[in-house]
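Sequence order for the protein chains is H and X.
Residues in the first sequence are numbered consecutively from 1, following my numbering.
Residues in the second sequence are numbered consecutively from 1, following my numbering.
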Amino acid sequence: MSRRVAVTGIGAVAPGGIGVKAFWELLTLGRTATRGITLFDPTGFRSRIAAECDFDPIAEGLREQDTHRVDRHVQLGLVATREAVEDAGLDTAGADPWRTAVSMGTAVGSTTLLEDEYVVVSGGGRDWLVDPALAHPHLYPALVPSTLAAEVATACGARGAVMTVSTGCTSGLDAVGHGAALIEDGRADVVVTGAAEAPISPITVACFDAIKATSTRNDEPERASRPFDATRDGFVLGEGAAVLVLEELEHARRRGATVYCEIGGFATFGNAYHMTGLTTEGVEMARAITAALDHAHANPDEVGYVNAHGSSTKQNDRHETAAVKRSLGGHARATPMSSIKSMIGHSLGAIGSLELVACVLAMDRGVLPPTANYTHPDPDCDLDYVPNQARETATDLVLSVGSGFGGFQSAVVLDAAGRRGRS
Amino acid sequence: MTGVVVTGLGVVAPTGSGADQFWAATLAGDSGVRPISRFDPAGYPVREAGEVREFDPTGLIDPRVVVQTDLWTQFALVATRQALDAAGLDPAAHDPFDIGVTTSASSGGNAFGQREIQALWAQGPRFVGPYQSIAWFYAASTGQISIAHNLRGPCAVLSTESAGGLDAVAHARTAIRGGCRVQVCGGTEAPVSPYALTCQLPSGLLAETGGYRPFARDAGGYLPGEGGAVLVLEDDEHAARRGAPALARVAGHAATFAGGDDWALSTEALTAAIRLALADAGVPAREVDVVFADAMGVPGADAAEVAALAATVGAVPVTAPKAGLGRAYSGTGALDVATAALALATGRIPPTPGVTGADLDHDLDLVTGRARDVPLRHALLLARGFGGFTSALVLSSPAHTDN
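Put into structure tokens, the structure is as follows:
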């Protein structure tokens, strides 16, 4: 009998507000946090919109030195970590550090800091042979994405297994899935897990411009992210962080922790198809969904809500709709499925964890977040996307799916605490 | 519990590519560390590295893929091809969902990324090419390996700096125990480019003079290396059914965290990882016949590792072939797994290049000079990653699979 994994704490830093409360308020009001880019001057770029966090690291409790020492994604991650750890009551619970692990996701790591510093050492970006004498004293941690996990582990005193997971846009699901496995396998009792990303920098915006993956609805940024809508024209880049505290169920019960829900199952597969392209059938994502449900000992018709990848690109939303139909069968049409990227954009590696926090809250509060900007039905996308308004619906089993560059297809199943005990 | 064995390996390293060439050079104690040739390092305090010279992907990788990948992914693709061939595994003959890919990544597509950032800042956003989005990021190698061989099983990318190679192999073992039959796993790195080397300098861990001389009295840091290794791991039943001989068994693993960058304090985390990994393997400490050390070449770090070994496995032959390769970050642990597998299969411990017994600053049985021939039951591999990552892996000789 495999050990069960409880979620006992959550934290979020998202566009539209810092903290779980602000995040959930934005989602349930169906408000969009997408806007014109302010983090740099986007003149001359094809897509000039993003979902940015109004983030003041000092006001959020970070030290002045941290703002110079680590990239913005790490700062966002540290703030979300603190909220989650406090929410779980772990700051006072005294968990065994050698049985405490960390698994954090990021797709592009410290790209923003690396680009900023490249400009400094290369004469404004002109020199191939850069001047190493001008190197920022903390440039090495920026080169390696492992820094996110190392910083989170140091902040919470973890001495168990620590890792960064970097599987592109499924990083935020995969980090939590691999983190949960550490508890199931008996390698940890507590896992601080989640993801962080701060990719709104010239090079990242330019690289998505180059493949026309992002929306050019520059004059209507608040309507630019339109998952499943027939007029969608690409994703809107976002940033943020989310952290979940996972705990072996009996460990959580023994210390009287509040259990939000359980991580019931996880699966990931590669599509071996194309680095950025998706098939129209969604076979591999369907397989991930089926395997994650099997892992959770759940049937497809028990799924009460699907949190979609819903990136608002033509191919993704069609692919995903096909995958959900393929895996849930006739139950797909009866299952509400929404994309919070319509409101907070697509924060690459972080979004999967933000979506999981949204799922935790959806189950906890009995409210499903909507898909904003849904006005024109697309015949290829014909499921119930919870258009524009949050919906009060009690669920005890939810599914979150993701898809990413490199072909990664992942699914996580969350189930209400004790659901499996009843069934 | 499902047994997991290594049935094939591929290597791209400064001392040679392909298992045969690499193993001959490693046994001879050759060093591939040379003055940097990829760019003019005159302005750098560090001017030597282990470069993979004469690397030519032509004929080994689809030319359309060559233009959309950085060197680190090309290393991974070439090593994967070697590993599948060595394992005698034709993926087309298997269910694609039975074979997954796990790589470690630590700095991504360095030279490719620098070129594109330069195009952006020197010329403008419209000069950034379409492949930047898939060449620079850390998931590039896993994605390209999966596509090249139609591998649709569980795919992953881990980043724990220089501990990544061991952790990726351990993660692949977990995936196999979870039902995946075969994993293509390992790590590569290409950190010798102008900006990537600039980024490494402030760590203070690189040797500015004297070279990479782990455990030596005059150790002054390590030198970066290129390349890495890819292994084919499979469950023992699957390997037996298709008649594939095992080079080694992946017997145990543990990861811990040292909690900071003061490597002199890493003894406790290393000791804990070693004990947990041996317990996971069910191997008593006295049966460890060789240690492939992390061997950072930083005095405090070396002393901490020697102390952890003294507290756990005691007097055992220790080797660090990476002294002749440079530290290839996420590739370095994968190279150690490949080397240890070859050592277990042949009963030969390769030496630590560039260090002699007279240089040693520690009470340590470091294998130097020439290879030592001794029957090997179990090998313990150690790795540490910047920030505090600590990893221990136990590989066992296929003749000792019943522990």
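Positions of the beta carbon are idealized from the N, C-alpha and C atoms, including for glycine.
By the Cβ criterion, the segment 339-346 of chain X is in contact with the segment 246-265 of chain X, since at least three pairs of Cβ atoms, one from each stretch, lie closer than 8 angstroms. Using a Cβ-Cβ cut-off of 8 angstroms, Phe112 (chain X) does not count as an interface residue toward chain H, since no Cβ of chain H sits closer than that to its own.
Fully enclosed beta strand (DSSP E) runs of no fewer than 3 residues occupy 34-36, 49-51 of the segment 32-70 of chain H, in order along the chain.
Using a Cβ distance threshold of 8 angstroms, Thr268 (chain H) and Gly177 (chain H) count as a contacting pair. Rounded to the nearest angstrom, the gap between the Cα atoms of Asp95 (chain X) and Ala257 (chain H) is 44 angstroms. Taken in chain order, the members of the segment 256-286 of chain H whose beta-carbon sits within less than 9 angstroms of a beta-carbon on chain X are Ala267, Thr268, Phe269, Gly270, Asn271, Ala272, Tyr273, His274, Met275, Thr276, Val283, Glu284. Taking a cut-off of 8 angstroms on C-beta distances, the segment 116-124 of chain H does not touch the segment 182-200 of chain H, as fewer than three cross pairs fall below it.
The contact set of Asp235 (chain X) on chain H, defined by CB atoms closer than 8 angstroms, is empty, because the minimum CB distance reaches about 16 angstroms. In summary, Gly265 (chain H) is buried, with 16 or more beta-carbon neighbours lying within 10 Å of its beta-carbon over all protein chains present. In the structure shown, Ala246 (chain X) adopts coil according to DSSP, grouped into three states. The criterion of a C-beta distance shorter than 8 angstroms is not satisfied by Val46 (chain X) and Glu226 (chain X).
Contact of Gln118 (chain X) with chain H is assigned, a C-beta pair being separated by under 8 angstroms.
Within chain H, Trp98 have C-beta atoms less than 7 angstroms from the C-beta of Ala272 (chain X), given in sequence order. For Val121 (chain H), the closest Cβ of chain X is nearer than 8 angstroms. The beta carbon of Val66 (chain X) sits closer than 6 angstroms to those of Pro57, all from its chain and outside the five residues before and after it, given in chain order. By the rule that beta-carbons nearer than 8 angstroms mark a contact, Tyr305 (chain H) does not touch chain X. Its Cα nearest to that of Tyr385 (chain H), the residue H:Asn373 stands out among H:Asp396, H:Glu262, H:Asn373. Taking 8 angstroms as the upper bound for CB-CB distance, Glu54 (chain X) and Pro35 (chain X) are not in contact here, some 16 angstroms apart. Counting along the chain, Pro35 (chain X) sits inside the beta strand (DSSP E) bounded by residues 33-35.
With a minimum length of 3 residues, the unbroken runs of beta strand (DSSP E) contained wholly in the segment 69-125 of chain X fall at 99-104.
The residue among X:Val232, X:Val313, X:Thr15, X:Glu268 with its C-alpha nearest the C-alpha of Phe389 (chain X) is X:Glu268. Nearest to Thr170 (chain H) by C-alpha distance, out of H:Gly418, H:Val412, H:Ala416, is H:Val412. Cβ-Cβ distances below 6 angstroms link Arg318 (chain H) to Asp380 in the same chain, with the five nearest sequence neighbours on each side left out; the list follows chain order.
By the neighbour-count criterion, in which 16 or more other beta carbons inside 10 Å mark a residue as buried, Met337 (chain H) falls on the buried side. Going by DSSP, Leu166 (chain X) is part of the alpha helix (DSSP H) stretching over 164-177. Classified as exposed, Leu134 (chain H) has fewer than 16 neighbouring CB atoms from the shown chains inside 10 Å of its CB. Sequence-distant partners of Gly123 (chain H) (beyond 5 residues in either direction) whose C-beta falls short of 6 angstroms from its own C-beta are missing from its chain. By the rule that beta-carbons nearer than 8 angstroms mark a contact, Phe45 (chain H) touches chain X. When only Cα atoms are considered, Ala399 (chain X) and Ala172 (chain X) end up about 22 angstroms apart.
Beyond the five residues adjoining it in sequence on each side, Thr280 (chain H) comes within less than 7 angstroms, by CB distance, of Arg318, His319, Ala322 in the same chain, given in chain order. Closer than 7 angstroms at the C-beta level to chain X, one finds these residues of the segment 204-217 of chain H: Ala206, Cys207, Phe208, Asp209, Ala210, Ile211. About 5 angstroms separates the beta carbons of Phe408 (chain H) and Thr167 (chain H), which is inside the 8 angstroms limit, making them a contact pair. The segment 226-244 of chain X and the segment 272-283 of chain X do not touch, with fewer than three beta-carbon pairs separated by less than 8 angstroms. Two segments are said to touch when three or more pairs of C-beta atoms, one from each, lie closer than 8 angstroms; by this definition the segment 7-24 of chain H touches the segment 50-59 of chain H. The beta carbon of Ile134 (chain X) falls within 8 angstroms of a beta carbon belonging to chain H, placing the residue at that interface. Excluding sequence positions up to five before and after Phe45 (chain H), its CB lies within less than 7 angstroms of the CB of Val205, Ala206, Asp209, all in the same chain and listed in chain order.
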